[in-house]
Structures are given as structure tokens and as C-alpha cells.
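As C-alpha cells, the structure follows; a few thoughts come after it.
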């Protein structure tokens, strides 16, 4: 493995991120289990790209059969891409009745910005102050949650996303009444919009992840996202929901994360789980928006909408339905929240359960969370992640302080595997807490 | 099919481009043959994405086997992506010793601009005045060969690419001595650089396709690309070779199109043929450039470098080598040029053979090409393309006037199939010329 690491550094360079102090090398996987180069099996409590399970046989067969039959761009007609478009659009509210296929979430968000900018005639963007939406140049200029040398563009205003269960060390939102948090957060939206207008940028769009996952799985006040969307629209901008994290049933409560907030976005962007690992993304939008963008731009995506990608996407939808994965995400999610609350009672240095469905976590503190002066503890969080890894369960961490345990298994996880994940977490917390 | 077209318009919208007056619907393909919904077979004289042949069994098997084994991002170690990186980098000059994998040519060119902009501290871009390099926002602002509503950015200067065999109706370059054409073209480069510097943008990069294919397969004077590259570097910019069209042996003469111009670029971008249709792209660059970019940016591409994409890319390299496809592109290309010259003698309204290897064409004129006042004739070109289609051979057209026949079959084409393509072209020219 050391040799492989050297070979990797000598070709891909040393900057491409790797997990863990000692990186893991995987050689095969199925369901929620990954096997490393030594033959050891790891429970996948982290990966959302293999959404319906690693190497799901139906997805693999769909890809293999279509690749052996035909793989071509959309300048010829092919029924496979149209079948997929119909099936996918049926999962959205009626207003979202057109789809543009891409190859990644980055391509999707970049295109959504193009459409919103042209529609509004404005360039201003509202974005969470700790988020990540992709790697193109346009997206690098709105990146707040990762290193991006470009820095924020002058046309960007950032929003602090409220968190009713937050660990804001400057004064936790959770300490205030929900109404007050909501008022303050929407006032901040008003100010950001006014600032964009005063600077002459106007408002093109707000872009957000319905789970606010990079931020740390914030629990926003009821009505926050609705209020945000209303204000942006009133200012002439569009509402872009990035469903790369929250889509395809991840939250269990809804097929699309934005529904949990009671809104219908103007543009929905998709990526990661869409093809279960096959490079596939998309932008759903109303016909009226496409009718505006289409005639003014010759948008063509060479690989976007090819029949193999469509076959992969169709198979994912089939498996989601046939294996009841969204319902199971809700059931498992409920059990997980209860178990996390129980663990919090045993380990007061972890916070309340965060997240939704099968994207969940807890804040890790340096002392009992209820103590005055309790601070998020990234080192302790890392210790838990490493302790899980040594017990062969994959999880990670997120949030502004890198102090929220990030658990996000494939939706294919079974109840017994959920139990194993939680039992292992209990052991890891006991180990780290006992140090 | 009408029904399919309606269903497509109702989901993907009517703007996504389709070929031909009556679009073709394909249902399967192998080698250089596509079968439509009626069971009719078409010879593929157009598609460069299925580079080693449609549904090549080795590529299909590689994808199917790897997808059934493991598909994961690069935050864990995996030998498949490193194997591919080593194999691919071995095809480049030694100076290009690092690779970043992406999912498309658009993602690759967008990233190359990010790297060049940060390296140079400048923002100015030189681009051909009739070219296309992708669909992201940053690339839309340098798009000159397609509709892009954004229009050129203020940081962009365009270059008229000389063509010694050109149909420039304002005074064909071919009418002047090569030296004079070269001098004038390089003077234009000097002026564009001076303009970028005077405006305070500086020079970040020049980006070009070594075949100048969108432009119409221009034959540039010997030394033009070298002179262009020298001037850009002297001004502090980087040289980006977009090998989406000219790479992977398309020209037969070299594995990489830039070699035909005697240069080693600073960045090489890849897409279309790389995975034979599987969404795969990349940027090759020197370690020194990555060492500068890497620490300042957390670049991560979720699907980029996944083992299935790597398996597809490896299989393409294997087939290219084992089936001698680059050598065959050269041999076939030579035969094609001779045949096109012969056709030109019979049909004086078509110009000299253009292009290189298996990307070739001829300009179509409204009267004998040698006549004073002969003009490119897009309607006649379209008639030839449609006449080919009715004879079940797929070709298209390109160039500033949409008047250059565009022929670019998969490299897997056999000599007998080349003969069929050329015989069909002879029939189509006879038909259209006789009207």
C-alpha cells in the first residue's frame, strides 16, 4: 500500500484528499460492505454515491447491457434517455417539467447559475457561509466551506444558516426562542439582498443544500427556507435547490430535500447518488425557464443523457422503488435518532441528534454539551472517526468546526447493519470518552 | 419516432440539438455500424466519442467487470486509477507528469483555466475566433463558434486562425505566400497580447484545438502554433492544448495533436474519446504546476478517477495499441487524402483535402473553387450531408460558414469501410453537383 501511495503521489499528486491517518485501500464492495486489500471488511457508514448499495447487481447489469448495445450522444434520438427523463420528472412537483442531463453536480450547479443569471439579468448570488457546491471556476467563487484560491466574488453575499441545535460558540442559536432566530436570520437575508442591490449586482439566485450538511446538518427554524425563497424571488432571483446531498430519498421524509421545507424551487440540481457512482447529474426546471435559455444558448453536453448513463439512472429509480429504500431510510432514520439520543444521555459531551433520515450525526464537544463554555472539539471528533475506522466502520466529520460526526450510509443499509453501526459508535464513544 | 420526438421535446425540450432534417433514432451499434429503429444500418463516418468502435467488447467488459467489483471516489486508495494514470502519462512528453481526472472536456478546460489564471496572476485569455471548448460559465465567456448568450468576456481576445487552404472570402490566405501569412498571423497574436496587457488583464493562457476543427480544419503555416506558444509564454501565460478532438491518435501522425505542431503544452485537456463514451476527461500538467495549485485549492472531483472510469480509459489504451489504431488512422488518412484529391478533380466545386488522419473534409463552394469570387456554400454542403444520410453514411459539416464536410469516423474503421465511405461520398457529390 505504501508503494501504491507513492505511485499515486507520483501521478495524481499529493493534494487529492485521502481519508484517515493511514489511508484505506479498497478492492471490492457490495451492499454496505467494502473489502480492503488485506481482505478485511468495513461497514460503510459514510458513502452516499453508491446510493442503492455498492455494485448493486441491477445497476451493474443495466450499465453493462446498455454499454454493450449502444452509447451515443443526444443528437440522435434514443428512447432510453427519454424514458429516464419521464421517470425522473415524475418524482418532482408538476412545475418542474424539464430536465437537462449533465455528468456531475458541478456541471449541474454551474449550469443552474448560467440559467439564473440570464433569467434575472442580475449576477448577485446568495450562498451559505459554509458550503460547497462544486469545482468549476464559477462555483469556486462561491465556495465558503473549502479552500478556493479565487476567494469569494464581489457578486456573492454569504448567509449564516441558523441552527436551533447549533454549537455557535459566539452564542448558540438554540439558546434563543425559535421565532427570534428566524427573525434574525431573515433580517440577514434582507440585508444581503439590499447589499447586492446597492452594489448594482442585483439578485440572480440563492443556492443551498436542503440538509445544510456541510454547515453541520443545521436544524433551521420552520419557515426559514420558505422566507429565504420568497425574499429572493421578490428581488427577481431564482431559487436553486442543490439535491446532491438531500435528494433521491436520503432524508426518508421526502424524495427531495426541498419538500421538507415546503418549497418548490425554480431549479433543482442533482449529482452524486443519481447514477450510483456512474458519472451522472442533471438540472430540473420549468419549461418556461428552458424556453428562455434554450434559444439563446447552444447548450450541448456530449456525455449528458447518453443511454448508458440513462440506464444507470433508471436502474437506481427502479431499485429505490422495488426495495422501498426511501421508506426504509425513514424507518432507519427514526431508530437512529432514538439511539443517538440515548448515546447522548450516556456521553454528555456529544450533542443532540442532528440530520434527517440516513444523513445524521452529533456535535462533539470538549466537555458536557450543557456546560457553559462548551466548545466543539474537532480533535475529539477525529478521534471518534479513527476509533470507528479501527473497528472497521467508515464515518467522517463535517461542520464549520469539523466537529460534527458525519454518518451517511448507502440507503441499502439493513436494520441489523444500522444496529452494528450504532453499537460500534457506542464503543468508539466509550473509548474516546474514557481517555 | 414522431412520438419519441414529442416525448423528447416534452422532457428535454426542443433546444437540445438533433442532426438531420428528419432525426435518426438508433437502437444499437458495433464497430462503425449503427442500426436504426427500422433495422437499417448506417456507416458511422462522424462520431469520435466511440473512438475504438461502438460497444467495443473489451471496453464494455472492462466497465462491466469493474462496476460489479468496486466503484468509489479517490479518497480511498485504489490501484486501478493509479495504473491508468501511469499508462496515460506514459503517452505524454516527460514534462507532463501529473494528471487530474474529470468527467468531461468541459470540466477539463474549466480546470485548466483555473490553474492558468492562478499561475499567471492574470486573467486574459487568447482564443480562436471560431471555436468551442465547453459549456461551463467560464467557457461560455470564451465561446466564439456557437451561440452563447454571455458574449465574450472583457478579458478575452480572439485570434483569426490562418488557413493556407482557406476559403476566406475577404481574401484567401492561400493566395499569399506562407511566410506572409505566418507573419500576419503572429502580428495579430502580438497585438492581442498587447491589448490584454494594456487593458490590465495580462495573459493567463491561450487555449486551442490542434486540429482547428471547429474553424474548418485550418492548415496553419509551419511555425504558427510554435510562435503563438512562445509569445504567450513570454507574456507570462500558459499554453493549453485541448486534445478533445485531436488526441488519442485521431491524426494518425501522433498520439497527441500538439506534437504535430512541435510543441509541448503546459496543460493538455482531454474528453470525448478518452473513455469511448464513458464520461471521462482529464488535465495533464507538470508537477510544478500542480504543486502550485494543489496547496491553494481543495480540488476534489467526486466521480473523477473512479475505478470504473479508469477501467474504461485503460481498455481504450489497450485497444488502441493492440489493434494498431493510430497507425491505421495514418494509413487510412493517407488513402483518404488521395481519394479526396481525386474527387476534387472530378468535382471542381469542392476544395482541397483538409484535416489530418481520420478527421478530414473538404470545403464546398458555390462554383469551381478556383474561380474568382467562389464562395463557401453551406446549403450545398448540407445537401451533401443529407445525400450521404440517405445513402446511410453519417457525416456532418463544420467551419465558419458551415461549409466544410466533417468526416471523423471511429478509429476502428477498416479499409473496406473507408472505401465505402468514399464511394458513397462520390455518389453524393455526383447527385448534388448534378442538380
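Protein chains in written order, with the UniProt record's numbering: chain A, 1 to 435; chain B, 1 to 435.
Backbone N, C-alpha and C define an ideal beta-carbon position, used for all residues, glycine too.
Note that the coordinates shown come from a computational prediction; the quantities given were computed from them, not determined experimentally.
- Restricting attention to alpha helix (DSSP H) runs no shorter than 4 residues, the region 311-374 of chain A encloses them at 325-346, ordered along the chain.
- In the DSSP secondary-structure assignment, residue 214 (chain A) is not bridged to any residue.
- By the Cβ-count criterion, residue 62 (chain B) is buried, with 16 or more other Cβ atoms from all chains shown falling within 10 Å of its own Cβ.
- With the criterion set as a beta carbon lying under 8 Å from some beta carbon of chain A, the members of the region 78-91 of chain B are 78, 79, 81, 82, 85, 86 and 89, in sequence order.
- Using a Cβ distance threshold of 8 Å, residue 105 (chain A) and residue 269 (chain A) count as a contacting pair.
- Within the DSSP secondary-structure output, residue 98 (chain A) pairs in a beta bridge with A:285.
- In this chain, residue 406 (chain A) is not harboured by any alpha helix (DSSP H); it is covered by the beta strand (DSSP E) spanning 404-406.
- Judged by their CB atoms, residue 301 (chain B) and residue 413 (chain B) are not nearer to each other than the 8 Å cut-off.
- Scanning its chain for C-beta atoms nearer than 6 Å, with the 5 sequence neighbours on each side dropped, one finds around residue 315 (chain A) the residues 58, 59 and 62, in chain order.
- Here the region 278-294 of chain B does not lie against the region 384-403 of chain B, with fewer than 3 beta-carbon pairs under 8 Å apart.
- Put simply, the CB of residue 154 (chain B) is far from chain A, with every gap to its CB atoms at 8 Å or more.
- Taking 8 Å as the threshold, the shortest C-beta distance from residue 245 (chain B) to chain A does not fall below it.
- When beta bridges are read from the DSSP output, residue 206 (chain A) appears opposite A:126 and A:239.
- For the options B:21, B:369 and B:55, the alpha carbon positioned closest to that of residue 35 (chain B) is the one of B:55.
- Closer than 8 Å to the CB of residue 120 (chain A) there is not a single CB belonging to chain B.
- Inclusion of residue 238 (chain A) and residue 116 (chain A) in the CB contact set at 8 Å is warranted, their separation being smaller than that value.
- Close partners of residue 105 (chain A) in chain B (Cβ separation under 8 Å): 302.
- Residue contact check for residue 222 (chain A) against chain B: no CB pair falls below 8 Å.
- Along the region 133-152 of chain B, going in chain order, the ones with a CB nearer than 7 Å to a CB of chain A are 135, 136, 137, 138, 140, 146, 147, 148 and 149.
- Across the region 396-422 of chain A, no CB contact with chain B closer than 8 Å is found for any residue.
- Counting only the Cα atoms, residue 377 (chain A) lies some 5 Å from residue 366 (chain A).
- With contact defined as three or more Cβ pairs closer than 8 Å, the region 322-339 of chain B and the region 238-257 of chain B are in contact.
- Within chain A, the residues whose beta carbon sits less than 8 Å from that of residue 60 (chain B) are 64, 67 and 68, listed in sequence order.
- The beta-carbon separation of residue 138 (chain B) and residue 241 (chain A), rounded to 23 Å, does not stay under the 8 Å limit for a contact.
- For residue 120 (chain B), the three-state secondary structure derived from DSSP is helix.
- Residues 43 of the same chain have their beta carbon placed closer than 7 Å to that of residue 420 (chain B), with the five preceding and five following residues left out of the count.
- Apart from the 5 residues on each side of it in sequence, residue 264 (chain A) sits with its Cβ closer than 8 Å to the Cβ of 93, 95, 96 and 258 in its chain, given in chain order.
- Note that the C-beta distance between residue 48 (chain B) and residue 272 (chain B) is below 8 Å.
- When 8 Å is used as the limit between beta carbons, residue 388 (chain A) is near no residue of chain B, the shortest such separation being about 15 Å.
- For residue 44 (chain B), the uninterrupted beta strand (DSSP E) run begins and ends at 41-44, by DSSP.
- Judged by beta-carbon spacing, residue 160 (chain A) lies within the 8 Å limit of residue 129 (chain A), meaning their Cβ atoms are closer than that value.
- Assignment of residue 258 (chain B) by DSSP, reduced to helix, strand and coil, places it in the helix class.
- Where residue 234 (chain B) is concerned, the enclosing alpha helix (DSSP H) starts and stops at 224-234.
- In the three-state scheme derived from DSSP, where H, G and I count as helix and E and B as strand, residue 110 (chain B) is classed as helix.
- Not one beta carbon of chain A lies nearer than 8 Å to the beta carbon of residue 38 (chain B).
- Where residue 29 (chain B) is concerned, the enclosing beta strand (DSSP E) starts and stops at 26-30.
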